[in-house]
Amino acid sequence: MSNFTKSLRRGVVILAQRDIFHGKKRLKALEERCHFAFVEPTTRDDVISQLGKLAAERPYEAMLFFPGFWIFKIWDKDLFGPFAGTLKLVVTSSAGYDHIDVDYLSQKGAYLANSPAAVAEPTAMTTLMLILQTVRNTTHAEMTLRRGKWRAGLELTDDIRDMTIGIIGNGRIGQLVQKKLQALGTKRILYNSRRQLPPSDENGAIYKSIDDLLKESDLVTLHCPYTPETRHLLSDAQFALMKRGSYLVNTSRGPVIDEEALVRAMKSGQIGRVGLDVFENEPDVHPYLMQSERATLFPHWGSSVKRAIPDVDHECLDNLEEWLKTGVPNTPVNKPIKTSET
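In my numbering, the protein residues as written are 8 to 349.
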């Protein structure tokens, strides 16, 4: 391949741990169209330095962030800035994107695409596990056993077949949770999302306003994205609407719940038990939640299954290939405001 031909290839930065990256064969097939540069996850300052050096060598139009770069809590102009004049696409291997400065990318004319499919199934399974553990009070049962008390003090629990369960955020993950609950016999499921689904897609779930869903549900499970509008979606006023002693599960994002308000509701008995995979100030967890046996807690671990890694690698590359074909990725979460300079 001549140097001139090489210069015509579109520059793509692959931010990934090369030894566990599962898309090498697909990159090989794209080499005639793309020039790929790998950047390994080290420190934030080192990565920023490497990106600056790459930008000085040639234009790069796309950046793909794979597992390993989630340790950088904020992705902003420090990471994207070296390519601000040419950047047209950023792909994240996560479903959530509250850690990314989407407005900056939009202003610079770049799409941001997320990867919701690969993590949906394991997150839904984790949600179901937390629902069952919360309803059956398994944390308290386990600790009672570990203290050598066998069943002493354990009471009969509710059964999800007899409960009304409310789903807030009935997108891909919410609908998977609904199907799993129905398969286990839950008969009444309520949901709320930004818009009501067509009746053919509701599959027996009933659309409700958030207030009505909170009032009628025995358990509420959260699956909405974290945005300025959903910050503290559930706080004192919302907990007051819920049935006394009801249950709450969250596998979406921690700040969707006002954690101090949740603790107040648990202390008063308004909220009976919780199952949480995410926290408002993670990795810090409220001390009350840490010591309470009415709280089943996971360390933002919901999608941490082995097959999610290759699945998410390929979902990211699907976004890249679609953008190369059409100029638009499969799962854009923004609309670029201007065309990037070339």
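We treat Cβ as the ideally placed atom computed from N, Cα and C, and that holds for glycine.
Query                                                                                                                                     : Result
Local Cβ density within 10 Å of residue 344, reported as buried at 16 or more and exposed below that                                      : exposed
Residue 174 versus residue 155: straight-line alpha-carbon distance, rounded                                                              : 37 angstroms
Given 8 angstroms, three or more beta-carbon pairs between the region 143-157 and the region 108-126                                      : no
Beta-carbon proximity list for residue 307, same chain, < 7 angstroms, skipping 5 on both sides                                           : 284, 285 and 289
Three-state class that DSSP yields for residue 227 in the structure shown                                                                 : strand
Outcome for residue 87 when other beta-carbon atoms lying within 10 angstroms are tallied against a minimum of 16                         : buried
Where residue 96 sits in the DSSP three-state scheme                                                                                      : strand
Expected contact under 8 angstroms - CB spacing of residue 40 and residue 304 to nearest Å                                                : Not quite, the Cβ-Cβ distance comes to about 46 angstroms (not below 8 angstroms), so this is no contact.
Contact set for residue 133: own chain, Cβ-Cβ below 8 angstroms, skip 5 residues either direction                                         : 258, 284, 305, 308, 309 and 310
Residue 282 and residue 172 closer than 8 angstroms at C-beta                                                                             : no
First through last residue of the beta strand (DSSP E) which encompasses residue 171                                                      : 171-175
Chain-order list of residues whose beta-carbon lies under 6 angstroms from that of residue 111 (same chain, five-residue window excluded) : 84
Residue(s) in a DSSP beta bridge with residue 301                                                                                         : Answer is none; residue 301 lacks a bridge partner.
The region 56-76 touching the region 89-107, judged by at least three CB pairs closer than 8 angstroms                                    : yes
Cβ neighbours of residue 17 in the same chain (closer than 8 angstroms, five flanking residues each side left out)                        : 40, 41, 42, 68, 69 and 331
Beta-bridge pairing of residue 280 - partner residues as DSSP gives them                                                                  : 254
Alpha-carbon spacing of residue 130 relative to residue 229, whole angstroms                                                              : 12 angstroms
Burial state of residue 185, where buried means 16 or more other Cβ atoms lie within 10 Å                                                 : buried
Chain C contact for residue 142 (CB, 8 angstroms cutoff)                                                                                  : Absent from the structure: chain C. Only one protein chain is present.
Rounded separation between residue 251 and residue 337 - CA only                                                                          : 43 angstroms
One or two residues paired with residue 197 in a DSSP bridge                                                                              : 173 and 213
Supposed contact pair residue 273 and residue 299 - C-beta distance, whole angstroms, cut 8 angstroms                                     : 7 angstroms
Check whether residue 179 and residue 127 have beta carbons under 8 angstroms apart                                                       : yes
Helix, strand or coil at residue 23 according to DSSP, with G and I counted as helix                                                      : coil
Assigned exposure category for residue 232 - 16 Cβ within 10 Å defines buried                                                             : buried
For residue 58 and residue 52, the rounded distance between their alpha carbons                                                           : 10 angstroms
Buried or exposed (CB count within 10 angstroms, at least 16 for buried), residue 221                                                     : buried
Burial state of residue 95, where buried means 16 or more other Cβ atoms lie within 10 Å                                                  : buried
Start and end residues, alpha helix (DSSP H) containing residue 136                                                                       : 123-143
Cβ pair residue 341, residue 109 closer than 8 angstroms                                                                                  : yes
Bridge partner(s) assigned by DSSP for residue 120                                                                                        : 98 and 339
Nearest-angstrom Cβ-Cβ length linking residue 197 and residue 213, presumed shorter than 8 angstroms                                      : 5 angstroms
Residue 183, enclosing beta strand (DSSP E) - first and last residue                                                                      : Per DSSP, residue 183 belongs to no beta strand (DSSP E); it is in the alpha helix (DSSP H), 179-190.
Nearest to residue 141 (by Cα), restricted to the options 32, 164 and 123                                                                 : 164
Identified DSSP bridge partners for residue 107                                                                                           : 82
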